[in-house]
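Q:
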Amino acid sequence: MLANISFDKLPFLLLLPLVLLPLISHRRDALSYSWTQLLPQDPVGKYVEWLWRLLALLTLLSIIVGLAGPGRSETHIERIGKGAEISIVMDRSSSMDAFIHRNGANPGKLTSKQDYVAVRKQMSKNDVLREALGWLLTKRPNNRYALTLFNSAAMRVTQFTDDISIVQAALDASDIGRGPSKTNMGRGLLAAIEAFEGRSYSGSRVIMLVSDGGAKLDAKIREAISEGLKRNNISLYFIYIESSPNSPNLELVGTEVDSTLEEVALHKFFSGLDVEYQVFQAADPESLTKAIQRIDEQQNLPLTYLERIPRTDYSQWFLISAMILCGLLVLLSMTQRVNWQ
Amino acid sequence: MSQAQEFFYKLPGTPGGNRPGAHRSRSVGSGMSFASHRKLIDQPDPRRLDLRASLRDVRRDWLVKVYRQNSSVTIQAIVDVSASMHFGGTRSKLKVVEDFINALGYSAFRHGDAVGLLAFDDKARDDIYMPPRTNRGAGITMAETLAENTQVATARKGSLSGLSDCASQLGAASSLVFLISDFHMPLNSLSAVIREFGGSTIVPIVVWDPSETRPPDKNGWLSVRDAESGRRRQLWLRDSTRKQWLANVSRRRSELTEAFTDQDIQPFFMEGEFNPEQLTQYFMEMVS
Numbered sequence: 034m035l036a037n038i039s040f041d042k043l044p045f046l047l048l049l050p051l052v053l054l055p056l057i058s059h060r061r062d063a064l065s066y067s068w069t070q071l072l073p074q075d076p077v078g079k080y081v082e083w084l085w086r087l088l089a090l091l092t093l094l095s096i097i098v099g100l101a102g103p104g105r106s107e108t109h110i111e112r113i114g115k116g117a118e119i120s121i122v123m124d125r126s127s128s129m130d131a132f133i134h135r136n137g138a139n140p141g142k143l144t145s146k147q148d149y150v151a152v153r154k155q156m157s158k159n160d161v162l163r164e165a166l167g168w169l170l171t172k173r174p175n176n177r178y179a180l181t182l183f184n185s186a187a188m189r190v191t192q193f194t195d196d197i198s199i200v201q202a203a204l205d206a207s208d209i210g211r212g213p214s215k216t217n218m219g220r221g222l223l224a225a226i227e228a229f230e231g232r233s234y235s236g237s238r239v240i241m242l243v244s245d246g247g248a249k250l251d252a253k254i255r256e257a258i259s260e261g262l263k264r265n266n267i268s269l270y271f272i273y274i275e276s277s278p279n280s281p282n283l284e285l286v287g288t289e290v291d292s293t294l295e296e297v298a299l300h301k302f303f304s305g306l307d308v309e310y311q312v313f314q315a316a317d318p319e320s321l322t323k324a325i326q327r328i329d330e331q332q333n334l335p336l337t338y339l340e341r342i343p344r345t346d347y348s349q350w351f352l353i354s355a356m357i358l359c360g361l362l363v364l365l366s367m368t369q370r371v372n373w374q
Numbered sequence: 083m084s085q086a087q088e089f090f091y092k093l094p095g096t097p098g099g100n101r102p103g104a105h106r107s108r109s110v111g112s113g114m115s116f117a118s119h120r121k122l123i124d125q126p127d128p129r130r131l132d133l134r135a136s137l138r139d140v141r142r143d144w145l146v147k148v149y150r151q152n153s154s155v156t157i158q159a160i161v162d163v164s165a166s167m168h169f170g171g172t173r174s175k176l177k178v179v180e181d182f183i184n185a186l187g188y189s190a191f192r193h194g195d196a197v198g199l200l201a202f203d204d205k206a207r208d209d210i211y212m213p214p215r216t217n218r219g220a221g222i223t224m225a226e227t228l229a230e231n232t233q234v235a236t237a238r239k240g241s242l243s244g245l246s247d248c249a250s251q252l253g254a255a256s257s258l259v260f261l262i263s264d265f266h267m268p269l270n271s272l273s274a275v276i277r278e279f280g281g282s283t284i285v286p287i288v289v290w291d292p293s294e295t296r297p298p299d300k301n302g303w304l305s306v307r308d309a310e311s312g313r314r315r316q317l318w319l320r321d322s323t324r325k326q327w328l329a330n331v332s333r334r335r336s337e338l339t340e341a342f343t344d345q346d347i348q349p350f351f352m353e354g355e356f357n358p359e360q361l362t363q364y365f366m367e368m369v370s
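Chains as they are written, first to last, in the numbering used here: chain G, 34 to 374; chain D, 83 to 370.
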């Protein structure tokens with residue numbers, strides 16, 4: 034611990050020999066007396082004088098050390114956790130504010146008032162998703178998470194961090210308001226890929242793309258995504274939230290699904306990439322949670338990462354103690370006789 | 083410099099020399115105390131012719147009365163000018179000594195005696211010196227010499243060997259010697275030094291300052307440096323230390339008194355100021 038102590042202004046430590054000043058006994062404030070043999074021997078007086086010297090020494094020491102600006106230097110602690118670097122790329126467009134429907138029931142067709150109330154109690158896709166991701170966070174606190182929201186543009190909300198409270202707070206913040214109607218998935222993905230750029234490879238990397246629909250990606254963006262994922266060795270998980278009973282089942286794509294749909298086109302593009310890709314179909318809160326559980330099971334490799342601990346400055350404590358010591362010195366000096374009258 | 087105060091002094095025995103003065107002496111001359119008869123041939127002074135004694139005389143000579151003459155003495159003041167004498171709460175002890183020297187000069191002049199000044203610290207101080215003089219301003223000259231040469235406080239110790247240096251400079255003629263010091267020094271060789279002064283009457287004047295002898299009233303931390311040795315002493319003033327302080331002072335006082343009484347000398351204590359009446363009383367008690 035002590036080895037990590039560093040000083041901001043090291044030259045001030047050159048003043049350190051000054052702390053010995055109080056030990057030199059040539060005090061100018063001593064009263065001259067004709068013959069000290071007349072005076073009584075007083076041990077208490079000696080203690081008081083040594084107390085004064087000690088206080089003066091400590092005061093000088095605190096001031097000098099305080100001026101030199103001591104602090105625990107910035108360190109990186111290597112931590113080994115299990116899991117992955119997970120970049121959550123979350124669709125925050127207006128469609129995500131819609132209710133997730135259960136068992137094919139259509140919330141738009143209300144038959145009675147009770148049904149309406151029941152529907153109101155239902156959660157939006159966003160809420161469900163947030164809950165499921167929150168569960169993932171608490172389950173795997175050792176992972177490092179980054180959160181990127183996207184609608185018409187990408188928002189990198191948090192950088193990679195192992196402090197899940199930050200990610201949780203970012204997730205909570207995404208609850209506020211309604212998103213715009215446009216969805217630009219390509220930018221969201223590129224922003225997420227960019228977050229991995231330049232980082233040392235310390236564990237498996239995952240982009241968790243959460244969306245309720247597909248997107249058309251033009252050739253340029255497709256190429257950038259394909260290259261970025263490959264270069265950074267990122268696995269891609271696509272959690273597809275079914276919006277309606279008519280949504281295609283991507284897990285079965287390739288056999289009987291119409292390939293002109295946006296979602297299918299996207300799925301086909303992802304499958305064709307040279308990286309690990311998996312799709313999870315989630316139709317309701319339970320299946321969404323299940324999908325995330327499946328991801329949790331898969332990405333459980335050891336993860337090595339460095340945690341940065343910022344520099345802590347201790348100089349204020351030294352200066353405060355110097356102030357207190359000065360006060361004590363003044364109190365002690367006030368008891369001292371300065372003349373014979 | 084204040085107006086010189088006069089004190090009276092008498093000396094035991096017949097200390098006087100040849101010069102007429104105020105003290106009894108063995109010199110024959112015009113005086114009041116009868117010494118003997120002499121033949122008129124030897125002492126041709128018909129005014130003192132003693133008819134009765136001449137008639138009674140077996141050899142039928144004319145006899146003349148012879149008297150002892152009152153004579154003057156030589157006084158020496160030997161002042162300790164060591165560092166401790168510079169100490170003083172309101173006035174330094176040397177200032178009090180100047181008062182005394184001034185009064186001594188005036189009193190000596192009034193008695194018709196010569197007075198001289200010597201000084202010492204760890205050895206005799208040549209710069210502070212005045213040979214015995216009988217003039218009216220002797221006291222003022224001595225006090226000024228002393229003041230001029232002690233303006234800067236020294237760190238020199240006073241010692242009995244310095245005093246002994248001064249003793250060796252004195253002629254045999256001095257009859258009254260004032261030793262003016264605080265006697266803050268070891269007294270081992272005191273008897274030997276006193277012996278060097280021969281038959282002179284010695285009056286030790288112990289000059290102390292009230293700040294030395296009486297501790298400050300307020301409690302608190304007192305950090306003290308010895309003026310001569312530079313040694314330090316730390317005190318936390320309280321009732322017990324104050325009591326101890328006073329006890330130390332009175333023990334020193336009795337030590338000094340005892341050391342001088344062993345030599346048949348009474349010390350005269352002077353604290354804070356010079357009181358001529360007390361000194362007069364001292365001499366009256368000494369002679370009577």
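The beta carbon of each residue, even a glycine, is placed where N, CA and C say it ideally should be.
Keep in mind the model is a prediction, meaning the values are calculated, not measured.
Tell whether a beta-carbon distance below 8 Å holds between P286 (chain D) and F342 (chain D).
A: Within the second sequence, numbered from 1, the residue matching residue 286 (chain D) stands at position 204. Within the second sequence, numbered from 1, the residue matching residue 342 (chain D) stands at position 260. Yes. Within cutoff.
Q: Which ranges does the alpha helix (DSSP H) cover as unbroken runs of at least 4 residues, wholly within the region 189–239 of chain G, from first to last along the chain?
A: 197–206, 218–229
Q: Compare the C-beta of Y66 (chain G) against all C-beta atoms of chain D and say whether one is closer than 8 Å.
A: Locating residue 66 (chain G) in the first sequence gives position 33, counting from the first residue. So yes, Y66 (chain G) belongs to the interface.
Q: Buried or exposed: which applies to N184 (chain G), given that a residue is buried once 16 or more other Cβ atoms fall within 10 Å of its Cβ?
A: Against the first sequence, residue 184 (chain G) aligns to sequence position 151. With 16 or more Cβ atoms within 10 Å of its Cβ, N184 (chain G) is classed as buried.
Q: In whole angstroms, what is the alpha-carbon distance linking E296 (chain G) and D307 (chain G)?
A: Here residue 296 (chain G) corresponds to residue number 263 of the first sequence, with the count starting at 1. Here residue 307 (chain G) corresponds to residue number 274 of the first sequence, with the count starting at 1. Each residue's alpha carbon lies about 19 Å from the other.
Q: At the level of alpha carbons, what is the spacing between P103 (chain G) and P73 (chain G)?
A: By one-based count along the first sequence, residue 103 (chain G) stands at place 70. By one-based count along the first sequence, residue 73 (chain G) stands at place 40. For P103 (chain G) and P73 (chain G), the distance between alpha carbons rounds to 46 Å.
Q: Out of G:Y80, G:V81, G:I110, G:V77, point me to the one whose CA is closest to P343 (chain G)'s CA.
A: As a first step, residue 343 (chain G) must be located in the first sequence, where it is residue number 310. The shortest C-alpha separation from P343 (chain G) is found at G:I110.
Q: Closer than 9 Å by beta-carbon distance: list the chain G residues that pair up with R238 (chain D), in chain order.
A: On the second sequence, residue 238 (chain D) is found 156 positions in, with the first residue counted as 1. Neighbours of R238 (chain D) on chain G: none; closest Cβ ~13 Å, over 9 Å.
Q: Where DSSP assigns a beta bridge to P102 (chain D), which residues make up the other side?
A: Your numbering for residue 102 (chain D) matches position 20 in the second sequence. P102 (chain D) pairs with D:S153.
Q: When you compare only the Cα positions, how much space is there between T40 (chain G) and D291 (chain D)?
A: As a working note, residue 40 (chain G) is residue 7 in the first sequence. As a working note, residue 291 (chain D) is residue 209 in the second sequence. It should be pointed out that residue 40 (chain G) corresponds to Phe in this sequence rather than to Thr. Whole-angstrom Cα-Cα distance: 56 Å.
Q: Where does L306 (chain G) fall in DSSP's three states?
A: Position 273 of the first sequence, counted from the start, is the residue given in the question as residue 306 (chain G). L306 (chain G) falls in the coil class under three-state DSSP.
Q: Using the rule of at least 16 other Cβ atoms within 10 Å of the residue's Cβ for burial, across every protein chain shown, is P297 (chain D) buried or exposed?
A: The residue given as residue 297 (chain D) occupies position 215 in the second sequence. Result: buried.
Q: Can you give me the start and stop residues for the alpha helix (DSSP H) that E118 (chain G) sits inside?
A: Numbered from its first residue, the first sequence carries residue 118 (chain G) at position 85. E118 (chain G) -> not in any alpha helix (DSSP H); beta strand (DSSP E) instead, spanning 117–124.
Q: List, in chain order, every chain D residue whose beta-carbon is nearer than 9 Å to that of D62 (chain G).
A: As a first step, residue 62 (chain G) is located in the first sequence; it is residue number 29 there, counting from the start. The contacting residues are S305.
Q: Give a yes or no on whether the C-beta atoms belonging to V288 (chain D) and D264 (chain D) are separated by under 8 Å.
A: Residue numbering aside, residue 288 (chain D) sits at position 206 when the second sequence is read from its first letter. Residue numbering aside, residue 264 (chain D) sits at position 182 when the second sequence is read from its first letter. The answer is yes: Cβ separation under 8 Å.
Q: Who are V161 (chain D)'s beta bridge partners in DSSP?
A: For this step, residue 161 (chain D) is matched to residue 79 along the second sequence. According to DSSP, which records beta bridges pairwise, V161 (chain D) is partnered with D:A201, D:I262.
Q: By the 10 Å Cβ neighbour count, where 16 or more other Cβ atoms means buried, how is N217 (chain G) classified, buried or exposed?
A: Here residue 217 (chain G) corresponds to residue number 184 of the first sequence, with the count starting at 1. Buried is the call here.
Q: Under 6 Å Cβ to Cβ from D162 (chain D), same chain only, skipping five residues before and after it: list those, please.
A: In the second sequence, counting from the first residue as 1, residue 162 (chain D) sits at position 80. For D162 (chain D), where only same-chain residues beyond five positions count, the Cβ hits under 6 Å are G240, S263.
Q: Name the residues in the region 109–124 of chain D whose C-beta lies less than 7 Å from a C-beta of chain G; which are they?
A: Correct list: empty, as no residue qualifies.
Q: Are the beta-carbon atoms belonging to I226 (chain G) and I267 (chain G) less than 8 Å from one another?
A: The residue labelled residue 226 (chain G) in the question sits at position 193 within the first sequence. The residue labelled residue 267 (chain G) in the question sits at position 234 within the first sequence. In this structure, I267 (chain G) lies closer than 8 Å to I226 (chain G) by Cβ.
Q: For L71 (chain G), return the contacting residues in chain D, with the cut-off set at a CB-CB distance below 7 Å.
A: On the first sequence, residue 71 (chain G) is found 38 positions in, with the first residue counted as 1. Correct list: E294, N330, V331, R334.
Q: Can you look up A138 (chain G) in the DSSP assignment and give me helix, strand or coil?
A: The residue labelled residue 138 (chain G) in the question sits at position 105 within the first sequence. Bear in mind that a pLDDT of 46 at A138 (chain G), under 50, signals an unreliable position, so the number given afterwards is only what the model happens to contain. DSSP places A138 (chain G) in coil when its eight states are reduced to three.
Q: Is there a C-beta anywhere in chain D that falls below 8 Å from the one on D196 (chain G)?
A: As a working note, residue 196 (chain G) is residue 163 in the first sequence. It does not: the Cβ of D196 (chain G) has no partner Cβ on chain D nearer than 8 Å.
Q: Which residues of chain G have a Cβ atom closer than 7 Å to the Cβ of F169 (chain D), listed in chain order?
A: Within the second sequence, residue 169 (chain D) is the residue found at index 87, counting from 1. Result: S65, Y66, S67.
Q: Counting only C-beta atoms, is H266 (chain D) closer than 8 Å to chain G at any point?
A: Along the second sequence, read from residue 1 onward, the residue named residue 266 (chain D) stands at position 184. So yes, H266 (chain D) belongs to the interface.
Q: Is Q314 (chain G) near the ligand ATP, going by C-beta to nearest heavy atom under 7 Å?
A: As presented, the structure is devoid of all ligands, the ligand ATP included, so that no description of it is given.
Q: Rank D:D247, D:T227, D:Q151, D:A225 by C-alpha distance to the C-alpha of G111 (chain D) and give the top, closest one.
A: In the second sequence, residue 111 (chain D) corresponds to position 29, counting from 1. Distance from the Cα of G111 (chain D) is smallest, within the candidate group D:D247, D:T227, D:Q151, D:A225, for D:Q151.
Q: Quickly, what does DSSP pair N267 (chain D) with across the bridge? List them, please.
A: Taking the first residue of the second sequence as position 1, residue 267 (chain D) is located at position 185. Note that residue 267 (chain D) corresponds to Met in the displayed sequence, not to Asn. Its beta-bridge partners do not exist; DSSP assigns none.
Q: Under 9 Å between beta-carbons, which chain G residues line up against T339 (chain D)? List them in chain order, please.
A: Your numbering for residue 339 (chain D) matches position 257 in the second sequence. None at all; the shortest Cβ gap to chain G is about 16 Å.
Q: Under the three-state reduction of DSSP, which class applies to S136 (chain D): helix, strand or coil?
A: Here residue 136 (chain D) corresponds to residue number 54 of the second sequence, with the count starting at 1. It is helical.
Q: Roughly how many angstroms separate the alpha carbons of Y364 (chain D) and P128 (chain D), rounded to a whole number?
A: Position 282 of the second sequence, counting from 1, holds the residue named residue 364 (chain D). Position 46 of the second sequence, counting from 1, holds the residue named residue 128 (chain D). For Y364 (chain D) and P128 (chain D), the distance between alpha carbons rounds to 42 Å.
Q: Can you pull out the residues from the region 74–103 of chain G whose beta carbon lies closer than 7 Å to at least one beta carbon of chain D?
A: D75, V77, G78, K79, V81, E82
Q: Starting from I97 (chain G) and walking both ways along the alpha helix (DSSP H), at which residues does that stretch end?
A: Locating residue 97 (chain G) in the first sequence gives position 64, counting from the first residue. Its alpha helix (DSSP H) spans residues 76–101.
Q: If you reduce the DSSP assignment to three classes, tell me which class T232 (chain D) lands in.
A: Within the second sequence, residue 232 (chain D) is the residue found at index 150, counting from 1. Of the three classes helix, strand and coil, the one that applies to T232 (chain D) here is coil, per DSSP.
Q: Would you say G354 (chain D) faces chain G, with C-beta separation under 8 Å as the test?
A: Sequence index remark: in the second sequence, residue 354 (chain D) carries index 272 (1-based). Taking Cβ atoms only, chain G never reaches closer than 8 Å to G354 (chain D), which makes this a no.
Q: Got a sec: is the Cβ-Cβ distance from L186 (chain D) to anything in chain G below 8 Å?
A: One-based indexing of the second sequence puts residue 186 (chain D) at position 104. Taking Cβ atoms only, chain G never reaches closer than 8 Å to L186 (chain D), which makes this a no.
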